[in-house]
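For the sequence shown, this note's numbering gives the first residue as 534, with consecutive numbering after it. The beta carbon of each residue, even a glycine, is placed where N, CA and C say it ideally should be. Computed from a predicted structure; not experimentally measured. The block underneath contains the structure these notes are about, expressed in C-alpha cells.
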Amino acid sequence: MFARSELLMLTASLAVLAGCATTDQGTRTVGERPQELNSTEASLWYRMDEAEENLRSSGRVIDDPALTGYVDALVCRIAGEFCPDVRVYVVNNPGFNAMMAPNGMMVINSGLLLRAESEDELGFVIGHELVHYLENHALEQHAAARNANITAAVVGSVLSIGVAAATGGVPGQGYSGSGASIATALAYGGAYAYSRERESEADRMGLQLASAAGLDPKAGPKIWNDLLNELEASDDNRRAARANRGGMFRTHPVIQARIEALEEEAASMQGEPADSIAFRAAVAPFINDWLDAEIALRDYGSTLQLIERRIAAGGHEGVFLAAKARVLGMRDDEGDFDHALETYEAAAAYADMPAQAYRDLGELNRRAGRPAEAAEAFTTYLQRVPDARDALLVERYIQTLMGESE
Ligand SMILES: [Zn+2]
C-alpha cells in the first residue's frame, strides 16, 4: 500500500536492485507542470496522462455524483491549495488500495472504501497518497531506476504494465503465480510499492496532513493494523505457513514497524474521530456490490476477517451479515451450512439486508427441510424484487413449499 500500481511496484523493485540511489526531487509547488518537454519528468507525466485517459474510458470508474462529490470534497479538504491539481477517480477494484500519479491523477479503489470504517481512515490514506505526489516520490523512484543503468526499454515496458494495472485486472495478478489474493497483493504492494523510506515519509506526513484537516490521527495506525489482521487471516498465508514456505509472513515485520511508528506519531497529535455520517451515507448504496467483488476473489479467510471486523464496528449490519452468510455457504466446511442459515436469519433483522439474501435464505431453508420458513423468505424476496428474472421459478418453489408445509 498504498501506491500500488504495478508500475510503481516494479520501478520500486528496480530501485531496490539499484541500491536506492538518493534522488531527492524536492517538493511540488501549486500548479506545477514539467518544464522541459524532453525531461524524464515530462515523459512520466505524459505517460500518466495516457493512463488516465485509458482509465476514464475503461468502464471501471464509478460515476456516482453523491459518492464522487463526497470523496472529492474530502481530498480537497486534505490537499488544501493543491486541490485544483488533483483529479480523483473512484474505481471498481476489490484491492485495498489507492494510488497517486505524478500528473495529479488519484485513484481510490472500491476495496479501500469497503474497508475504511470512517472518514478519518479514508483521510489518512488520501494524505499518504498526497505525500507521494507532493514529494515527487514516483519521479525519484524512476530516477533511481535510471541511475542503475536500467535501460529505457525496461522502463518503457514497466510503464505499459502500469497502464494496464491502472485500467483493469484483478489486483494481485502479477504478484504471485497462484492464488493471487488481495492479501497477497497488499503484502507486496504494501511493503514494496515505494522504498521503505518513502513509505515512512508518506505515513508520517500523511498523518500530519489528515490531522491538520481535523481528522483523527489514530485512524492511521488503525487502518494498517486492520490490514495486517486481514493479511494474517488470508487463506494464502495459511497455506504458505502450512507449507513452511514463509510466504507473505516475511513482509509482516515491515508492516508491524510502520504501525508502531504511526502509533508513536499519532500519540503526539490532536484530533477527534469524525462523525463519518456523510462517509457512511456515500458508500452505503455500493457496499453490497463491493462485497460481491471481494467474495469473488475466493479468499474466504481474509474476507471473513474483514466482514467480522465490519460487523463488530457497526453500520451496514444487514449487508455485512448477509455477506458473511454468503461466504459461509460458498465455503461449505463442516458446520458452515448451519452457521450460514443462522447468519442469514440474523441479517433479516436489519432493514438493509439485500433482497438477494432473502432468496438465499429461502434456498437454505428449503435444503434444511424447513418449507414454511423457506416459503416465507422466498415471498419476501419477490416482494422486494417483483420483477426478478427468476420470479416465475421462485413462485413455483413457493407453491410447492406451501403444499409441503400444510
Ligand atoms: Zn505509499
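- When beta bridges are read from the DSSP output, M639 appears opposite V621, M633.
- If you compare the alpha carbons of I595, S591, C616 with that of F819, the shortest gap goes to I595.
- By the C-beta criterion, the region 905 to 922 is judged to be in contact with the region 880 to 894, since at least 3 inter-stretch pairs fall below 8 Å.
- Per DSSP, reduced to three states, the secondary structure at V918 is coil, with no helix or strand assignment.
- Three or more beta-carbon pairs separated by less than 8 Å link the region 620 to 628 to the region 639 to 649, which places the two stretches in contact.
- In this structure, ligand 1 has no non-hydrogen atom nearer than 7 Å to the beta-carbon of A794.
- Under the three-state reduction of DSSP, V563 is assigned to coil, being neither helix nor strand.
- Per DSSP, F870 is one residue of the alpha helix (DSSP H) stretching across 869 to 880.
- Shortest gap from the CB of Y727 to any heavy atom of ligand 1: under 7 Å.
- Residue environment for L925: exposed (fewer than 16 other C-beta atoms within 10 angstroms of its C-beta).
- Only residues of its own chain outside the window of five on either side were considered, and among them A746 have a CB closer than 7 Å to the CB of R610, listed in chain order.
- V594: not part of any alpha helix (DSSP H); DSSP gives it neither H nor E.
- Three or more Cβ pairs closer than 8 Å define a contact, and the region 830 to 841 meets that threshold against the region 760 to 771.
- By the C-beta density criterion, N821 is buried, having at least 16 other C-beta atoms within 10 angstroms.
- When the Cα atoms are used, A799 and G559 turn out to be separated by approximately 25 Å.
- If you draw a 10 Å sphere on the C-beta of A743, you find 16 or more other C-beta atoms in it, and that means buried.
- Where L663 is concerned, the enclosing alpha helix (DSSP H) starts and stops at 652 to 667.
- Straight through space, the alpha carbons of A856 and L824 are spaced by roughly 7 Å.
- At the C-beta level, Y622 and V608 stay beyond 8 Å of one another.
- The DSSP-derived three-state label of Q558 is coil.
- Counting along the chain, the unbroken alpha helix (DSSP H) around G851 starts and ends at 850 to 864.
- With fewer than 16 neighbouring CB atoms inside 10 Å of its own CB, G602 falls in the exposed class.
- Not one heavy atom of ligand 1 falls within 7 Å of the beta-carbon of A924.
- With three or more CB-CB distances shorter than 8 Å, the region 651 to 660 counts as touching the region 747 to 756.
- Not one heavy atom of ligand 1 sits closer than 7 Å to the Cβ of A901.
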